[in-house]
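Residue numbering for the sequence shown follows this note's numbering, beginning at 205 and increasing consecutively.
Cβ coordinates follow ideal geometry from the N, Cα and C atoms, glycine included.
Small disclaimer: the values here were computed from a predicted structure and weren't measured.
Here the structure is laid out as structure tokens; the discussion comes afterwards.
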Amino acid sequence: MRGRRPDPRPLTRGGGALARAQLVRRQVLRGGAAAGLGLGLAACGTGGTPSGGGSAGARPSPAQDVSAEDPTLNWANWTLYLDLAEDGETYPSLEAFQEQTGIAVTYSEDIDSNDSFYGRVQGQLANGDDIGQDVVVLTDWMAGRMIRLGYTQELDEANLPNKTNMLANLQDIDFDPGRAHSLPWQSGFSGIAWNKDELPDGLTSVSDLWRPELKGRVEVLDEMRDTMGLLLLEQGVDVSGDWSADDFGAALEVLEEQVSSGQIRQVVGNSYKEDLVSGDAIACVGWSGDITQINFENGDRWGFAIPDAGGMLWTDNMMVPVGSPRKTNAETLMNYYYDPEVAAQVAAWVNYVCPVEGAQEAMVAIDPELAENPFIFPTEEFLSNVYVTRSLTAAEESDFSAQFQEVIGR
Numbered sequence: 205m206r207g208r209r210p211d212p213r214p215l216t217r218g219g220g221a222l223a224r225a226q227l228v229r230r231q232v233l234r235g236g237a238a239a240g241l242g243l244g245l246a247a248c249g250t251g252g253t254p255s256g257g258g259s260a261g262a263r264p265s266p267a268q269d270v271s272a273e274d275p276t277l278n279w280a281n282w283t284l285y286l287d288l289a290e291d292g293e294t295y296p297s298l299e300a301f302q303e304q305t306g307i308a309v310t311y312s313e314d315i316d317s318n319d320s321f322y323g324r325v326q327g328q329l330a331n332g333d334d335i336g337q338d339v340v341v342l343t344d345w346m347a348g349r350m351i352r353l354g355y356t357q358e359l360d361e362a363n364l365p366n367k368t369n370m371l372a373n374l375q376d377i378d379f380d381p382g383r384a385h386s387l388p389w390q391s392g393f394s395g396i397a398w399n400k401d402e403l404p405d406g407l408t409s410v411s412d413l414w415r416p417e418l419k420g421r422v423e424v425l426d427e428m429r430d431t432m433g434l435l436l437l438e439q440g441v442d443v444s445g446d447w448s449a450d451d452f453g454a455a456l457e458v459l460e461e462q463v464s465s466g467q468i469r470q471v472v473g474n475s476y477k478e479d480l481v482s483g484d485a486i487a488c489v490g491w492s493g494d495i496t497q498i499n500f501e502n503g504d505r506w507g508f509a510i511p512d513a514g515g516m517l518w519t520d521n522m523m524v525p526v527g528s529p530r531k532t533n534a535e536t537l538m539n540y541y542y543d544p545e546v547a548a549q550v551a552a553w554v555n556y557v558c559p560v561e562g563a564q565e566a567m568v569a570i571d572p573e574l575a576e577n578p579f580i581f582p583t584e585e586f587l588s589n590v591y592v593t594r595s596l597t598a599a600e601e602s603d604f605s606a607q608f609q610e611v612i613g614r
């Protein structure tokens, strides 16, 4: 889909359109496709790190905005993260945006992991160059790094009247106070998943992944804060509190043992979904929305659970890279997706936690069952056993990442 501009067509709202969109999801997949968070979603993200990953030297200057003369936009996102039409190629909400605004959007599923994407563009960002994307969607900790280093542009609130629809507990976070540089796209949970045909009794803990009969058929995520966060929780560490390098090292030893023994088949990004579908993996550390999505294709074949010791909560965020010359166009897109009805349409397809106030009420008209789904609209009770990793210092970010990458063979 990269580089392909869909033909604009009007957005169709209502249950029929969304039901068809969910059927399309099946076609895509067939083709290969805090301590007690009484805070609600406060400071969502597996380790927002305003101080980690490099040093803040000379900051690049934002590009001149040419949006008025250039009604185009490039948007990089993760896979299966936007509502898809029956043709399997176009996105109803995005097509409506194009028709309403006249801005032609090139949408690409260009992000497989935070580290790999950042590694490709870091040099250009440091120089203030255009990376070819006007909106990027990255997880809190990477968003924090980008903002701290001056690699994003400050948003103009005059272009974002719908920003007032953001859930209250997402509005002020440590890596971006007041959301001056970012808007949440979706949030989600990291937990454990399994093939219910192979494991009819299910899994309840991360330690269950180390059962002898699962050897070579387990995968974990290459996002350090997800995998290591679950391992730390399993060892009784409060990842949102004051944990140490020794705690990290003890959890890393567990990971190293399981990788070196062959218990873990692969440490991967988004591609773990395909391995579950093919049967190459039957249990994993995974993301809540992904499991919901692949269950549409396979008759609810996978279970997902927050481990007894706790799960992780994270947020992916929309930002405008420093070199983008189309910031106003990007802000127009962000504002559009904070309309509750549009946000509900996206949430009905992607099945992640929706950050927009009013979307739950709008979801009732689309699918009343989804409006009560705690993986999309979680209650305080549901959030009581999910955690957000505390922010890392620059030294911790560098040290922990290097140790993790060495263990996973990167």
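Asked	Found
Could you say which of 569, 378 and 383 lies nearest to residue 368 if we only look at CA atoms?	383
So which of 545, 536 and 496 has the shortest CA-CA distance to residue 623?	Since the first residue of the chain shown is 205 and the last is 614, residue 623 is not available in this structure.
Going by DSSP, name the residue or residues bridged to residue 488.	397 and 423
In the DSSP assignment, the alpha helix (DSSP H) including residue 431 goes from what residue to what residue?	428-438
Would you kindly work out how many angstroms separate the C-alpha atoms of residue 572 and residue 582, rounded to a whole number?	15 Å
Going by the beta-carbon positions, is the gap between residue 393 and residue 607 smaller than 9 Å?	no
Which residue marks the beginning of the beta strand (DSSP E) containing residue 470, and which one marks its end?	468-472
Provide the residue span of the beta strand (DSSP E) that contains residue 592, from first to last.	Here residue 592 belongs to no beta strand (DSSP E), and DSSP marks it neither H nor E.
Going by beta-carbon coordinates alone, are residue 527 and residue 269 separated by less than 9 Å?	no
Classify residue 248 as buried or exposed, calling it buried when 16 or more other Cβ atoms lie within 10 Å of its own Cβ.	Any reading at residue 248 is ruled out, since the residue's pLDDT is 40, under 50, leaving its predicted position unreliable.
Enumerated in chain order, which unbroken segments of the alpha helix (DSSP H) with a length of 4 residues or greater are wholly contained in the stretch 483-562?	492-501, 531-540 and 544-554
Could you tell me which of 407, 516 and 501 sits nearest to residue 435, measuring between CA atoms?	516
Round the Cβ separation of residue 549 and residue 287 to the nearest angstrom and send it over; I've been treating them as touching at under 8 Å.	6 Å
Compare the Cα-Cα distances from residue 586 to each of 602, 551, 512 and 342 and report the closest residue.	512
Cα separation between residue 612 and residue 533?	39 Å
Does the Cβ-Cβ distance between residue 297 and residue 557 come in under 9 Å?	no
Once DSSP output is grouped into helix, strand and coil, what is the label at residue 262?	coil
So is residue 444 buried or exposed if we call it buried at 16+ other beta carbons inside 10 Å?	buried
Given residue 278, which residues of its chain have a CB within under 7 Å of its CB, disregarding the five upstream and five downstream residues?	310, 336, 337 and 338
Quick check: residue 426 and residue 473, are their CB atoms within less than 9 Å of each other?	yes
As a quick exercise: from 293, 418 and 475, pick the residue whose alpha carbon is nearest that of residue 465.	418
Just confirm the distance between the C-beta atoms of residue 370 and residue 541, as a whole number of angstroms; I'd bet it's less than 8 Å.	At roughly 11 Å, the Cβ-Cβ gap does not stay under 8 Å, so residue 370 and residue 541 are not in contact.
Applying the 10 Å Cβ sphere with the 16-neighbour rule, what's the burial state of residue 320?	exposed
Please check the pair residue 495 and residue 508, which I expect to be a contact at CB under 8 Å, by giving their CB distance rounded to whole angstroms.	4 Å
For a test of the three-state rule: what should DSSP assign to residue 568, helix, strand or coil?	helix
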